[in-house]
Structures are given as structure tokens and as C-alpha cells.
Amino acid sequence: MTTAVLVLVGLLLVALVAAFLLRRRFLLSGLGAVTMWLRAPGTSRWAVGVAWYSGDMLLWYRALSLSVRPNRRLCRAQFQVDARRRPTAADLSLPDESVILTVRTGSGPQELAMDSSTVTGFLSWIESAPPVDR
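Read left to right, the sequence shown gives residues 30 to 163 (the working numbering).
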């Protein structure tokens, strides 16, 4: 009985790891997929994830999750970049070559961090949004 339980737990663990790896591979294989860190202002923790440019939406999926739904949906027409900076000592979890953008979105202010080579494409995507009637 104990051996059967251990085998079952082992198989479940292997299936969970396989599902996690397949999800990550699927997310990163899409066109327009980039690694992006996200942090809400006032918090100290960065969350790593995969962002997809999907038409007029930026879909952000948490990297350490099994969910197939995006954790955040940010509308391109509502983005406004307020500041750009390099990581400081307080941003320990970010790579040194990353760039942090402070942005305002329809869901409130956010901080996005990405590799410096990704920033140009991201800013071009924001600027190419169609005009919004106000």
C-alpha cells in the first residue's frame, strides 16, 4: 500500500513538472512573446512572467503558474510611459542589463522591467496605437 502511494505521488509530481515546462515552452514560443517583470508601485516584489503582444492588448502570464489565462491584460491605448531607469540595489531580482519603465495604464500605475533589447520594440508597439477619441 505504501509503495503504491509513493509511486502515485511520484507520477503526479512528474506530471506537474511536465505541465509546467510545456506551458512555459508554449508561452515563449509565440510570436511577440518576451520575458517581462511586473511590479505594482508600493510593493517590493517583482513578478517574472511572459508578455504577449496581442493586437491592442499586452497579455502578461505569471511564469511560476500553471494557469492558461493571462494574469494581467493591459490595453495599449491606455499606456503612458512616465519614467525610465536602470535597476538599483532595491531591485535585486532583476538582471543588471534590464530597463525599468514606470507606466500609467487603465488598471493604474505599474512598473515593467524588461531586457534593454526589448524596450525599443515595446515603446514602438505603444506609440503605434491608433489615436483615441477623448
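Don't be surprised by glycine CBs; every beta carbon is placed ideally from N, CA and C.
As the structure is a prediction and not an experimental result, all values here were calculated from the model.
If you compare the alpha carbons of S73, G71, W66 with that of V79, the shortest gap goes to W66.
DSSP, read as helix, strand or coil, puts V38 in helix. Straight across, the Cα-Cα distance linking R53 with L88 is about 14 Å. L95 has no beta-bridge partner at all, per DSSP.
In this structure, DSSP gives G137 an extended state, which the three-state scheme calls strand. Note on P99: 16 or more other CB atoms within 10 angstroms of its CB, so buried under the neighbour-count rule. Remark: C-beta atoms of M86 and R101 do not approach each other more closely than 7 Å.
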